[in-house]
Amino acid sequence: MIEWLVPADVGLSASAALIALSAATSFLTAAAGIGGGIVLIAVMAVLMPAHALIPVHGVVQIGSNAGRTAIMLRSVQWQVLAPFCLGSLIGAGIGGLTAVQLPPAILNIGLACFILWSVWAPTVTAAGRFKVIITGVFSSFLTMFFGATGSFVSAMVKSMRFGRLEHVATHSACMVAQHAIKVVAFGLLGFNYGPYAGLIVAMVLSGFLGTVIGKHVLVKMNDRTFHRVLAVLLSLLALRLLYEGVVLLDLF
21 MIEWLVPADV GLSASAALIA LSAATSFLTA AAGIGGGIVL IAVMAVLMPA HALIPVHGVV
81 QIGSNAGRTA IMLRSVQWQV LAPFCLGSLI GAGIGGLTAV QLPPAILNIG LACFILWSVW
141 APTVTAAGRF KVIITGVFSS FLTMFFGATG SFVSAMVKSM RFGRLEHVAT HSACMVAQHA
201 IKVVAFGLLG FNYGPYAGLI VAMVLSGFLG TVIGKHVLVK MNDRTFHRVL AVLLSLLALR
261 LLYEGVVLLD LF
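The sequence shown begins at 21 in my numbering and counts up one residue at a time.
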């Protein structure tokens with residue numbers, strides 16, 4: 021049983037840490053609306069082999085986001101999902117076929133500017149569906165290379181000014197779709213998920229536990245507090261990306 025849970029190229033202590041971290045990061049995303057996926061992939065990058073990082077993270081994120089979607093199903097704003105999925109299919113297809121990667125400096129600065137604009141811009145109207153499609157295209161292209169684009173998608177959803185439950189539920193549903201498309205794409209490109217199946221299952225189950233606890237915290241918040249917290253978290257993440265991009269430009 022232990023051997024099934026522990027991939028040979030990960031090890032027992034690292035696997036245990038990843039299972040615990042999955043619960044903690046799912047709690048963070050369920051309670052605050054953002055942040056869990058980025059923290060998880062940052063630690064996975066240290067504890068897992070590089071070739072498995074993005075595809076395994078994608079499967080774990082499907083489970084984590086599917087759990088949030090399931091327990092908040094009535095709050096999902098389904099009108100957002102169709103244009104987002106259309107964009108995601110296009111973006112993942114381009115990402116899977118191209119070997120070209122954007123310069124990291126330009127990528128970080130562009131992402132930071134988009135997030136800051138989406139957080140502080142006026143509310144999106146029905147005409148903003150084109151923005152949802154473009155977000156799906158760009159974020160799905162990026163997730164093929166970088167894995168965690170939840171903050172990018174969350175910024176788009178936040179600009180629609182949903183209530184806190186609607187925001188988390190809709191964002192989670194979008195991320196299920198995006199990660200599912202990515203996981204299928206990596207499978208078609210030849211990645212073998214088999215050796216990591218046990219670890220993935222354990223991380224998904226621990227992630228669901230974190231989601232359940234996080235939802236109780238979310239329900240106790242009011243919408244105004246939630247959006248303030250989310251705006252601060254997204255802005256800090258964006259400023260971090262902006263700083264990294266400027267450093268990579270090596271202008272000074």
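No residue lacks a Cβ here, since even glycine has one placed at the ideal position from N, Cα and C.
When you compare the CB positions of S80 and S42, do they come within less than 8 Å of one another, or not?
As a working mapping, residue 80 is identified with position 60 in the sequence shown. As a working mapping, residue 42 is identified with position 22 in the sequence shown. For the record, residue 80 in the displayed sequence is Val; it is not Ser. Yes. Within cutoff.
Measuring straight from C-alpha to C-alpha, what distance separates V252 and M68?
Within the sequence shown, numbered from 1, the residue matching residue 252 stands at position 232. Within the sequence shown, numbered from 1, the residue matching residue 68 stands at position 48. Each residue's alpha carbon lies about 30 Å from the other.
Would you kindly report the start and end of the unbroken alpha helix (DSSP H) that includes P75?
For the purposes of this step, residue 75 is identified with residue 55 of the sequence shown, where counting begins at 1. Element bounds for P75: 70-91.
Spatial neighbours of F246 within its chain, please: C-beta separation below 6 Å, excluding the five flanking residues on both sides.
Position 226 of the sequence shown, counted from the start, is the residue given in the question as residue 246. Around F246: R184.
Can you tell me whether Y216 is buried or exposed, with buried defined as 16 or more other CB within 10 angstroms of its CB?
Working through the sequence shown from its first residue, we reach residue 216 at position 196. Per the 10 Å Cβ criterion, buried.
Would you tell me roughly how many angstroms separate the C-alpha atoms of R248 and T45, rounded to the nearest one?
As a position in the sequence shown, residue 248 is number 228, starting the count at 1. As a position in the sequence shown, residue 45 is number 25, starting the count at 1. Approximately 20 Å, taken between the alpha carbons.
Close-in-space but distant-in-sequence residues of the same chain around M195 (CB under 7 Å, 5 per side omitted)
On the sequence shown, residue 195 is found 175 positions in, with the first residue counted as 1. The residues are Q81, N85, G170, V173.
Between L269, V267, L268, L257, which lies nearest to A132 when the distance is taken from Cα to Cα?
Residue numbering aside, residue 132 sits at position 112 when the sequence shown is read from its first letter. Measuring C-alpha to C-alpha distances from A132 to each of L269, V267, L268, L257 identifies L257 as the nearest.
Whole angstroms are fine: how far does the CA of D270 sit from the CA of Y263?
Taking the sequence shown and counting its residues from 1, the one referred to as residue 263 is at position 243. Taking the sequence shown and counting its residues from 1, the one referred to as residue 270 is at position 250. If I take the Cα positions, the gap works out to 11 Å.
So is V267 buried or exposed if we call it buried at 16+ other beta carbons inside 10 Å?
Position 247 of the sequence shown, counting from 1, holds the residue named residue 267. Exposed, because fewer than 16 other Cβ atoms sit within 10 Å of the Cβ of V267.
Could you tell me the boundaries of the alpha helix (DSSP H) in which T169 lies?
Reading the sequence shown from its first residue, position 149 is the one you call residue 169. Looking at the DSSP string, T169 is not in any alpha helix (DSSP H), and its letter there is neither H nor E.
Three-state class that DSSP yields for N128 in the structure shown:
Translated into the one-based positions of the sequence shown, residue 128 becomes position 108. The answer is helix: DSSP assigns N128 an H, G or I state.
First and last residue of the uninterrupted alpha helix (DSSP H) at S42:
Here residue 42 is taken as the residue at index 22 of the sequence shown, counted from 1. From DSSP, the alpha helix (DSSP H) with S42 extends over 32-52.
For a minimum of 3 consecutive residues, which ranges assigned as the beta strand (DSSP E) are wholly contained in the stretch 173-198?
For the beta strand (DSSP E) assignment, the stretch 173-198 encloses no uninterrupted run of at least 3 residues.
Taking only the alpha-carbon atoms, compute the straight-line gap between G115 and G230 and give it to the nearest angstrom.
As a first step, residue 115 must be located in the sequence shown, where it is residue number 95. As a first step, residue 230 must be located in the sequence shown, where it is residue number 210. In this structure, the CA atom of G115 is about 31 Å from the CA atom of G230.
Would you kindly check if the distance between the Cβ of V177 and the Cβ of H191 is under 8 Å?
Taking the sequence shown and counting its residues from 1, one reaches residue 191 at position 171. Taking the sequence shown and counting its residues from 1, one reaches residue 177 at position 157. Contact: yes.
I'd like the list of long-range same chain contacts for V76, defined as Cβ closer than 8 Å, with 5 residues on each side in sequence excluded.
Residue 76 sits at position 56 when you count from the first residue of the sequence shown. Take V76, set aside five residues on each side of it, and the residues of its chain with a beta-carbon closer than 8 Å to its own are M64, M68, Y213, Y216, L219, I220, in chain order.
Spatially closest choice to K240 from L38, A52, R94, G31, by CA coordinates
The sequence position of residue 240 within the sequence shown is 220, counting from 1. Closest by alpha carbon: A52.
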